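J.: Taking the UniProt record's numbering, I'd label the letters of the sequence shown as residues 1 to 145. Glycine included, every Cβ here is placed at the ideal spot set by N, Cα and C. For clarity, every value in this text was computed on a predicted model and none was experimentally measured. One structure, pasted below without further comment.
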Amino acid sequence: MEQSSECERCSTWEEEMYWKHFSSMHFFLCLPKDFHDHLVLPAKFAEKMMVKLPNKVSIIGPSAAMWDIELKKTNEVELGGDGWKEFVKIYDLHENNLLMFKYNQNLSFEVLIFDQESFCEKEASYFVKQCNHKKAVLENAKKRT
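Here it is, written out as structure tokens:
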């Protein structure tokens with residue numbers, strides 16, 4: 001069944017309203033084999049948001065701990081850098097885990113993490129904390145010298 005030109009105009013308007021005026025957008029990703037160093041965001045999200053995205057964003061896991069993540073923008077948009085690697089490690093992410101992202105216009109991504117076998121949230125992801133212990137120890141050591 002073909003859409004009438006009126007319906008096409010409505011679809012175009014709806015899409016424009018969503019991408020230009022909504023305060024948050026959602027997408028999900030199944031983690032590929034090479035996700036440990038970087039994660040490529042969906043092409044449509046990258047295309048629509050490339051200009052608006054900064055070079056760094058915050059990523060907030062289910063436990064509400066927050067990491068600063070680098071955004072690499074070429075033909076695609078990738079999450080990467082040390083913050084991403086730490087997020088992957090501390091949340092014990094594995095290939096084929098499902099991640100649901102909510103991008104907020106305040107330059108942050110909220111992430112929910114799902115197990116690839118049960119398709120349910122990984123319970124342990126709510127009990128992860130970002131450890132600043134190393135930073136505090138280093139700062140105290142610097143103060144003493």
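Are the CB atoms of S125 and Y91 within a distance shorter than 8 Å?
T.: yes
J.: Only counting the same chain, and skipping five residues up and downstream in sequence, which positions put a Cβ closer than 8 Å to that of S24?
T.: K102, Y103, N104 and Q105
J.: Taking the Cβ atom as the reference point for each residue, do K72 and G80 lie within a distance shorter than 8 Å?
T.: yes
J.: Determine the DSSP secondary structure at M17, reduced to helix, strand or coil.
T.: Of the three classes helix, strand and coil, the one that applies to M17 here is helix, per DSSP.
J.: Since I believe E95 is in contact with L31 (beta carbons under 8 Å), could you give me their beta-carbon distance rounded to a whole number of angstroms?
T.: Yes, they are in contact, since the Cβ atoms of L31 and E95 sit about 6 Å apart, within 8 Å.
J.: Name, in chain order, the residues that DSSP records as bridge partners for V40.
T.: Secondary-structure assignment with DSSP links V40 through a beta bridge to E78.
J.: I'd like the span of the beta strand (DSSP E) that includes M66, first residue to last.
T.: M66 to K73
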